[in-house]
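Report on the following structure.
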Amino acid sequence: MSYDIAYIIIESGKGGDGIVHFRREKYVPRGGPDGGDGGDGGNVYIVGDENLTSLLHFRKKSYFKAGDGENGKPKNMKGKKGKDIYIKVPIGTVIYNRETNEKIGEILYHNQKILIAKGGKGGKGNSAFKTPENRTPQIAEKGEPGIKLKLKLELKIIADVGIVGFPNAGKSTLLNAITNARSKIGDYPFTTIIPNLGVIYDDYYNRITIIDIPGIIEGASEGKGLGIEFLRHIERVKIIIFLLDPTQTLINEQFYKLKNEIIKYNPKILEKPFLIVINKIDIVNENEIPNEIEGYEVIKISAKERINLEKLIEKIKDSLKF
Ligand SMILES: Nc1nc2c(ncn2[C@@H]2O[C@H](COP(=O)(O)OP(=O)(O)O)[C@@H](O)[C@H]2O)c(=O)[nH]1
Ligand SMILES: [Mg+2]
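The structure is reproduced here in structure tokens:
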């Protein structure tokens with residue numbers, strides 16, 4: 001199962017045909033050609049919508065067709081253009097041609113539109129073919145066909161901060177404690193199967209988005225659990241919070257293992273700034289927790305008891321300034 005990949009088929013509209021027609025008026029026995037042009041087929045666009053957070057809605061509907069252009073009409077009337085369609089996707093959606101694997105584009109902001117398939121051009125009516133030599137052309141063009149494409153959509157959530165940690169470290173609790181998010185908290189692994197997103201504001205009211213990246217376990221980079229689905233999201237964040245749980249295995253080891261899974265997936269990710277945060281200090285003896293790991297300062301918090309959260313938020317804001 002993969003909620004952040006969707007396969008859809010799109011089709012732009014066919015161009016309307018031009019027609020062969022001659023003017024017929026009461027007192028004009030042999031009127032000239034007046035067959036109108038066909039209308040262009042509708043275009044298919046993909047458009048960013050900040051209200052969407054997943055590609056799940058494509059399970060219900062995965063085929064999209066723009067309107068066909070109308071055929072031309074007598075009296076040189078052009079057929080109506082086919083209706084354009086706008087397929088809404090969340091910010092962070094990358095669009096690929098499923099057959100060639102070629103990347104078509106990427107939605108990075110709200111209302112961004114990418115033209116995926118242009119509608120077929122309408123054909124010319126016979127009045128367009130009138131010449132001094134041929135005043136009664138019997139020909140008209142057919143409209144061009146539309147374009148049919150199979151697409152693969154892949155969502156890479158774009159967040160400023162990603163919280164990474166083993167199951168039960170308190171990622172969801174932390175996200176809920178510092179943002180507006182209301183993600184599920186549970187004492188069992190994989191409570192979270194869809195990354196949860198929350199927002200805080202910096203001192204200038206700019207949004208800082210934070211995601212809880214669930215499901216990192218040993219072997220995630222090789223596809224264990226739902227690993228790779230989630231690791232994908234970390235590629236985009238600006239800073240990483242390693243959330244460590246002193247009630248589980250040794251914290252140095254946790255940090256090492258998490259880092260290792262990320263390196264195996266994509267070592268470049270670790271070039272991003274990160275914060276090492278130790279959670280649950282309310283239930284462990286703080287003196288037993290080191291002040292640094294591998295030379296990096298650690299921040300000690302309790303997400304549940306809201307200890308040191310202000311300090312953590314300040315650190316997040318500072319890290320984002322660079
Ligand atoms: N004592 C204590 N428990 C916590 C703290 N943060 C989270 N928990 C508990 O740890 C468990 C797992 O939390 P959750 O947020 O679901 O972890 P996730 O799997 O990393 O999202 C829950 O029972 C939480 O109540 C904390 O700071 N102190
Ligand atoms: Mg969780």
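Under my numbering, residue 322 is the last one in the sequence shown; the count climbs by one each step, no gaps.
Think of the CB as a built atom: it goes at the ideal place given N, C-alpha and C, for glycine as much as any other residue.
Remember, it's a predicted structure, so these values are computed and weren't measured experimentally.
Annotation for K171 indicates a beta carbon within 7 Å of some heavy atom of ligand 2. Among the bridge pairs identified by DSSP, A117 is matched with V44. Counting C-beta pairs with one atom in each stretch, the stretch 165-177 and the stretch 107-125 have fewer than three that are closer than 8 Å, which means they do not touch. Under the DSSP definition of a beta bridge, Y296 partners with I293.
When rounded, the separation of the alpha-carbon atoms in H57 and K103 is 22 Å. Scanning its chain for C-beta atoms nearer than 8 Å, with the 5 sequence neighbours on each side dropped, one finds around D282 the residues S302, K304, E305, I307, in chain order. Taking the Cα of N76 as reference, the smallest distance to any Cα among D49, S62, F129 is reached at F129. The beta carbon of G162 sits closer than 6 Å to the beta carbons of I211, I213, I234, V237, I240 from its chain, once the five residues preceding and following it are set aside; these are given in chain order.
Considering only I185, G119, R207, I139, the residue with the shortest C-alpha distance to D160 is R207. Going by C-alpha positions, D4 is about 15 Å away from G48. Within the same chain, S172, L175, A181, S183, I211, D212 come within 7 Å of N196 by CB-CB distance, once the 5 residues on both sides are set aside. Note that the C-beta distance between N71 and G32 is not below 8 Å.
Contact between the stretch 255-275 and the stretch 131-146 is not established, with fewer than three Cβ pairs separated by less than 8 Å. Straight-line measurement puts the Cα of N287 at about 26 Å from the Cα of S319. By the neighbour-count definition (other C-beta atoms within 10 Å, threshold 16), K300 is a buried residue. For the 8 Å CB-CB criterion, L243 and A169 form a contact.
At least one heavy atom of ligand 1 sits closer than 7 Å to the Cβ of A303.
Distance from the Cα of Y256 is smallest, within the candidate group I313, V164, D40, for V164.
Under the 10 Å beta carbon count, R232 is surrounded by 16 or more other beta carbons and is classified as buried.
Not one heavy atom of ligand 1 falls within 7 Å of the beta-carbon of N101.
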